[in-house]
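Participant: Before we start, here is the structure in question, set down as structure tokens.
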Amino acid sequence: MVKKLLFTLAILCLLIPAVACGPAAPPEIKIGCVLSTTGLLGPMGQDMMDAARLAVKEINAAGGVLGKPVKLVEEDDATEAAKCLERVKKMVEIDGIKVLAGGMTSGSAMASGPYV
32 MVKKLLFTLA ILCLLIPAVA CGPAAPPEIK IGCVLSTTGL LGPMGQDMMD
82 AARLAVKEIN AAGGVLGKPV KLVEEDDATE AAKCLERVKK MVEIDGIKVL
132 AGGMTSGSAM ASGPYV
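Residues 32 to 147 (my numbering) are what the sequence shown spells out, left to right.
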């Protein structure tokens, strides 16, 4: 009887930490946004980035996408096509971004388009 009780208590002690952990937080959905927040188109790019931030804030306030929070990863291309390509490569290769928005100019889109 005592052995059975000790065995049951030992099992309970092993299970309590697993139950106490609770569910893991859902993985976030990262969206990359490359805009010209400096340079020739800086003022317009800043407004566009503000709009993107607001959209993400509203999406997360409504519960995210399929229950997952959205994170906006921001980069500035300084209104330069070469910098846009650099930023896009960084987002894809280092930050693991799968969804991209941006490329405010045709030059930026043409520079980063073939890579994407």
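Just so you know, even glycine gets a beta-carbon here, dropped at the ideal spot from N, CA and C. The model shown is predicted, which means the values in this text are computed figures rather than measured ones.
1. Given a cut-off of 8 Å on the beta-carbon distance, is the pair Gly63 and Val104 in contact?
2. Are the Cβ atoms of Leu66 and Gly133 separated by less than 8 Å?
3. Assuming Lys102 contacts Lys61 under a Cβ cut-off of 8 Å, what Cβ separation, rounded to an integer in Å, is found between them?
4. Taking Ala142 and Cys115 to be in contact with their CB atoms under 8 Å, please state how far apart those CB atoms are, rounded to whole angstroms.
5. Taking only runs that begin and end inside the region 74-122, name each unbroken beta strand (DSSP E) of 3 or more residues, in chain order.
6. Assuming Asp107 and Thr68 make a contact with CB atoms under 8 Å, what is their CB distance in whole Å?
Facilitator: This is what the structure gives:
1. yes
2. yes
3. 5 Å
4. Contact between Ala142 and Cys115 is confirmed by a C-beta separation of about 6 Å, below the 8 Å threshold.
5. 101-107
6. 4 Å
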